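Shown next, in structure tokens, is the structure this report addresses.
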Amino acid sequence: MIPMALLFCFVWPAVQHAIEQFQFFLKTSGIIGVWCYTFSERILLPAGLHHFIYLPFIFGPAVCDGGIQAYWLQHLNDFATSAHSLKEMFPEGGFALHGMSKVFGLPGAALAMYFCAKPEKRKKVATLLIPATITAVLCGITEPLEFTFLFVAPLLYAVHAVLAATLSATLYFFGLSGNFGGGLIDCFVQNWIPLFKYHAGTYIMQIIVGLCFTAIYFFVFRYLILKNDYKTPGRTDDDEEDKLFSKAEYKAKKEMEKKGLANNPEALKAQVFLDNLGGPSNIKEVTNCATRLRVTVADPDKVASASKFTKAGAFGLVKNGHAIQVIVGLSVPNVRSYFDALLKGDLADVAVEAKAAADPSEPVKTDLSMKLKAFASGKLIDMTEVPDDVFSQKMMGDGVAIEPTTEMVVAPADGEVTMIMEGSYHAIGLRLTNGAEILIHIGLDTVKMGGKGFRCLTKTGAKVKAGDELIGFNREAIKAAGYKDTIILAVTNSGDYPQMKKAADGDVKVNETPIISF
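Heads up: the sequence shown runs through residues 971 to 1488, numbered per the numbering used here.
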């Protein structure tokens, strides 16, 4: 530590001098300075280095005492009662126009992504883009829109930085100045409302130029997306999820690129989940069941909100003090492998080739319609009656449950075994011939039994027919261990089957009574 401090005593003065020279160039170069400032502020944002650009200008003394923010508010009344040009009264305000790309530019980019999406996906894409765009326009918060550019196509982000700088420079050329670093709310409160009486012409010009750039953003982004076939939301393959990306996911992708795993979604999930759980130093213990990554953390306050986990691909998050459950789904064994390797700091221990091929080949969907028959005899109940929030709240998808009277789980329809919970054998995953993916989970918390009372009669990759025996279990052993023997069937991709119908509650007979129809 001391050698590093001594080294910086000699190195940092030169770095600081370079920063000061760059600031001097910006503030003495007029429109060119405004362009370079805005471009630098945008292009350095992914690395977090944009703080070196805007902080000295907006909150520091780089161009005026106290920074642009404080100076503008202190003299707001003077600007509001004068008809002189804003640019002449406050030329420093050209360095606070970087928010204009948030108000006018990003809506054009979002509109381009919407119209470039596949027609059948546009409705879903709209539900992603509209909230993100409104947040950017009103509040100036550009994540996740900007990080989606970075994640999908860095060239789009570079073009965005160029257009944002050109927009700011153009507005400054036509006489705009002020404090426009945020979103539309800042525009109204700190500029338009108090100054509109004497500067209406300037603000009308601002809106006209801004809308022109909205159109420019739209056509440029649309051209680049279509020409280069960028996989923006709505242009992904049918079996891929459409989503916007956060800063955490972008950082995780860069980290995975270093390890040669950038295109592995399970490795990316593991990295983001680890970051959201507070990093390796916050992890005390890790286990998993058929669908959940169970983690004990040192400090639960370091765990991110549930929304950050769901954005990264989790179905949900359950927090109970230091015990955290990340609802991952049927891919949890693979995610756990990467998670463990990240904790050790060595992904070489992971069989990458095996994990990359972990998802079995998808069977031919001969007919989307199908009837699932009872996988055990007993009483059929609705998923919402299961005394487990993960299932009752349908985090894993819609489905049904059976209070069993028999001790064998059979295949409810033809398909392929995609996952068996090795060791505990309390859960199994199937991909049916119509494409439906189902999880059959025997009992609640039975993963803790370690396989006692369970026997598996099949293997991963096996082709099964309706009625084939899958897993045998001992009801008395489950109850003696203090657990419920309720068997849950969740259709994990139930959202792809809006026509899915469930049978009414009542007694069912194994391999005879229909329980779900597609």
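Note that the Cβ used here is the ideal one computed from N, Cα and C, for glycine as well. Note that this is a predicted model, so its numbers are computed, not measured.
Selection from T1403, N1463, V1480, E1062 that minimises the alpha carbon distance to L1440: V1480
Bridge partner(s) assigned by DSSP for V1379: Paired residue(s): I1441.
Residues of its chain near V1122, where Cβ-Cβ distance is below 7 Å and the 5 sequence neighbours each way are ignored: Y1200, K1201, T1202
C-beta contact flag for A1473 and L1409 at 8 Å: no
Beta carbon of K1449 nearer than 8 Å to that of V1387: no
CB contact flag (I1253, V1267, <8 Å): yes
Rounded separation between D1384 and N1258 - CA only: 28 Å
Helix, strand or coil at H1130 [DSSP, three-state]: helix
One or two residues paired with C1426 in a DSSP bridge: For C1426, which the question treats as bridged, DSSP gives the partners I1441.
CB-CB length for L1165 against L1115, believed under 8 Å: L1165 to L1115, Cβ: 29 Å. No contact.
Boundaries (first-last residue) of the beta strand (DSSP E) holding P1484: 1484–1487 is the extent of the beta strand (DSSP E) around P1484.
Cβ-heavy atom distance, V981 to the ligand FAD, below 7 Å: Ligands in the displayed structure: none, and consequently the ligand FAD is not present.
Reduced DSSP secondary structure (H/G/I, E/B, other) of D1352: strand
Where E990 falls, given that 16 or more other Cβ within 10 Å makes a residue buried: exposed
Length of the line joining the Cα atoms of F1144 and M1175: 8 Å
For E1090 and V1298, the rounded distance between their alpha carbons: 27 Å
Whether M1389 touches L1300 by CB criterion (8 Å): Cβ atoms of M1389 and L1300: closer than 8 Å.
Under 8 Å between C-beta atoms of T1008 and A1135: yes
With 16 other Cβ atoms within 10 Å as the buried cut-off, status of R1425: exposed
Given M1059 as reference, the closest of L1043, F1065, G1148 once Cα atoms are compared: Out of L1043, F1065, G1148, the CA that lies nearest to the CA of M1059 is found in G1148.
6 Å Cβ shell around P1016 - same chain, five flanking residues per side excluded: Closer than 6 Å at Cβ, skipping near neighbours: L1120.
Simplified DSSP state of L977, which is helix, strand or coil: helix
Proximity below 8 Å, CB of F994 to CB of I1038: no
Boundaries of the beta strand (DSSP E) in which K1343 is found, first to last residue: 1341–1343
Between the CA atoms of A1451 and M1490 - distance to the nearest angstrom: There is simply no residue 1490 to check, as the chain begins at 971 and stops at 1488 in what is shown.
Proximity to T1206 [Cα-Cα], best of A1053, R1262, V1095, D1477: When the alpha-carbon of T1206 is set against those of A1053, R1262, V1095, D1477, the nearest one is in V1095.
Length-filtered (4 minimum) alpha helix (DSSP H) runs lying within the stretch 1091–1124: The qualifying runs are 1092–1109, 1115–1122.
Cβ neighbour criterion (16 or more within 10 Å) applied to C979: Answer is exposed; the Cβ neighbour count stays below 16.
Distance between S1071 and L1133 (C-alpha atoms, nearest Å): Between L1133 and S1071, the C-alpha separation is close to 8 Å.
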